[in-house]
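Number of protein chains: 2
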Amino acid sequence: MAVYLQVLEELEAEGEEIISSSKLAQLCGVNPSQIRKDLAYFGEFGVRGVGYYVTDLKESIKHFLGLDKTWNCAIVGIGNLGRALINHRAIKDKGYRIVGAFDWDPFKIGEKVGDLEIICTRRLKEKAKELNIQIGIITTPPNRAQRAANHIVEAGIKAILNFSPTRISVPDDVIVDYVEFSRYLIYLSFKLIHG
Amino acid sequence: MAVYLQVLEELEAEGEEIISSSKLAQLCGVNPSQIRKDLAYFGEFGVRGVGYYVTDLKESIKHFLGLDKTWNCAIVGIGNLGRALINHRAIKDKGYRIVGAFDWDPFKIGEKVGDLEIICTRRLKEKAKELNIQIGIITTPPNRAQRAANHIVEAGIKAILNFSPTRISVPDDVIVDYVEFSRYLIYLSFKLIHG
DNA sequence: CTCACATTGAGAAAAAATTCACAAACCAAA
DNA sequence: TTTGGTTTGTGAATTTTTTCTCAATGTGAG
């Protein structure tokens, strides 16, 4: 679905107003029926005999994916990875705003990263309400990840993205996703061995 | 498959010598038949009436995935993200070694990151042979990504991991994989909206 | 050695995902 | 208005994936 969105945005930028499922399928590298099934799943957007209106469809998918609003994120752990994410283009562009930078290290607190000031992790709860933070991102060293998660949960945030290579345990109503760099490398080396 | 491996490593650390497909399935959160099919796919490792020998199975999977040897990687683009990867634990632990750090910026060249010295990207080809680099990792800004890719291809490296939010074009015999942080965030916000 | 029990490997069955195929609907031109 | 050319939406057919089932095989006790 995210692939369709990306292609649709490119089409819109090129000034295309209407696209058929077969052309879109070609651009996405999938089967036309696949596209029609996927799109029919959350509404009827096409016009028979015509195709899909690029802008309308793009907006509908964005709405479906929740990309028509901005999401406020907090980063916990301001090392190299945290700083990289704060400055990362693609994240901003998709409607995700990093509005808080948290760390435990007293020497870092008060330091500026971009236009954010690093705040003590203990103040996460207070700041989460003030800044309406919906997603917490953990970029601490592994041994601090669980503590970071605890602070995030405590602050009432219901979604966590964990970059630290450790499993964390949270209540059932909190969604967690893991970014594992090694997975990508395993895929590549696997491909290098087997066709 | 990578999940099985992780669980097996934990089991081995706990001193377990034998595991049945049903127990392993429980730990991985999948169906026992699934496990047996997956494992049977690349050999017969189990013993009927007994189960699987944890260490043997772990080694077999590692071999299958190509994790029984070390892979040499080069990072092109030494910003925050590049530095984060160089220092990242999980990567080293899986047998991937970052052996080269490359950047275009003359002010960075010669600087030390961990025990690596930043080298000019133009010397990538020469260094790739010397260091036997098999995987190139792009962590440049988007507008430099294609140029980085060109240098990597030029150096005869056949696998690229691109962290930059741009598509790159390379010859057919070069494998490319993309790390898109926004995908993870989209998943989380989607889950926050729909169950 | 034989028997009772446990567990794999693999074929059969079931479920899920993908693709096909075509009626229904739309547009444009005559 | 009618006709011909498109393209969607959807039920049917197909393919793929997952799960079930059970004979084959191994262990250990008697």
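From first to last, the protein sequence lines stand for chains A and B.
Under numbering that gives the first Met the number 0, the first residue of the first sequence carries the number 0, and numbering increases by one thereafter.
Under numbering that gives the first Met the number 0, the first residue of the second sequence carries the number 0, and numbering increases by one thereafter.
Beta carbons are placed, not taken as given, at the ideal position from N, Cα and C, and that holds for glycine.
Just so we're clear, the structure is a prediction, and the values are computed from it rather than from any experiment.
The beta carbon of D102 of chain A sits no closer than 8 Å to any beta carbon of chain B. Under the Cβ distance rule, Q145 of chain A does not count among the residues neighbouring chain B, no pair being separated by less than 8 Å. Within the region 24-96 of chain B, the complete beta strand (DSSP E) runs of at least 3 residues fall at 70-75. In the structure shown, I167 of chain A falls within a coil segment according to DSSP collapsed to helix, strand and coil. In the DSSP assignment, G135 of chain A forms a beta bridge with A:A73, A:I159.
Counting the other CB atoms within 10 Å of its CB gives V2 of chain B a total below 16, which places it among the exposed residues. Residue-level contact by beta carbon fails for L26 of chain A and chain B, as no gap is shorter than 8 Å. Against chain B, the CB of P170 of chain A has no partner CB under 8 Å away; the residue lies outside that interface. A distance of 8 Å or more separates the beta carbons of T120 of chain B and A144 of chain B. The C-alpha of L187 of chain B lies about 27 Å from the C-alpha of K93 of chain B. With its beta carbon at least 8 Å from every one in chain B, E15 of chain A lies outside the interface. Counting only Cβ-Cβ distances below 7 Å, G78 of chain A has contacts in chain B at A83, in chain order. The continuous stretches of alpha helix (DSSP H) do not include V175 of chain B, which lies in the beta strand (DSSP E) extending over residues 174-177. For the pair of segments examined, the region 11-27 of chain A was found to touch the region 48-64 of chain A: the number of CB pairs separated by less than 8 Å reaches three.
Residues of chain A whose Cβ lies closer than 8 Å to the Cβ of E179 of chain B are, in chain order, A89. K107 of chain A sits in coil when the DSSP states are folded into three classes, being neither helix nor strand.
For A100 of chain A, the three-state secondary structure derived from DSSP is strand. Contact note: I174 of chain B reaches chain A through L187, K190, L191, using a C-beta cutoff of 8 Å and chain order. In this structure, I74 of chain B sits near T138 of chain B, with a CB-CB distance shorter than 8 Å. Against chain A, the beta carbon of R182 of chain B has neighbours under 7 Å at A1, listed in chain order.
With fewer than 16 other Cβ atoms from the protein chains shown falling within 10 Å of its own Cβ, V46 of chain A counts as exposed. Residue pairing from DSSP places E116 of chain A in a beta bridge opposite A:K111.
For Y52 of chain A, the closest Cβ of chain B is not nearer than 8 Å. With distances taken between CA atoms, P170 of chain A lies nearest to A:N149 out of A:G42, A:N149, A:W70, A:V178.
Taking a 10 Å sphere around the C-beta of F180 of chain A, we find 16 or more other C-beta atoms and assign the residue as buried. Taking 8 Å as the CB threshold, I134 of chain B lines the interface with chain A. Of all alpha-carbon atoms in B:L56, B:C72, B:E15, B:H193, the one lying nearest the alpha-carbon of L130 of chain B is that of B:C72.
For R182 of chain B, the enclosing alpha helix (DSSP H) has its first and last residue at 180-192. Counting along the chain, no alpha helix (DSSP H) covers A154 of chain A, and no H or E run does either. Classified as exposed, D114 of chain A has fewer than 16 neighbouring CB atoms from the shown chains inside 10 Å of its CB. Under the 8 Å criterion on CB atoms, G65 of chain B is classed as interfacial with respect to chain A. Ranking A:S32, A:L10, A:I77 by CA distance to the CA of D55 of chain A puts A:L10 first. Pairing L191 of chain A with A127 of chain B, the inter-Cα distance amounts to about 16 Å.
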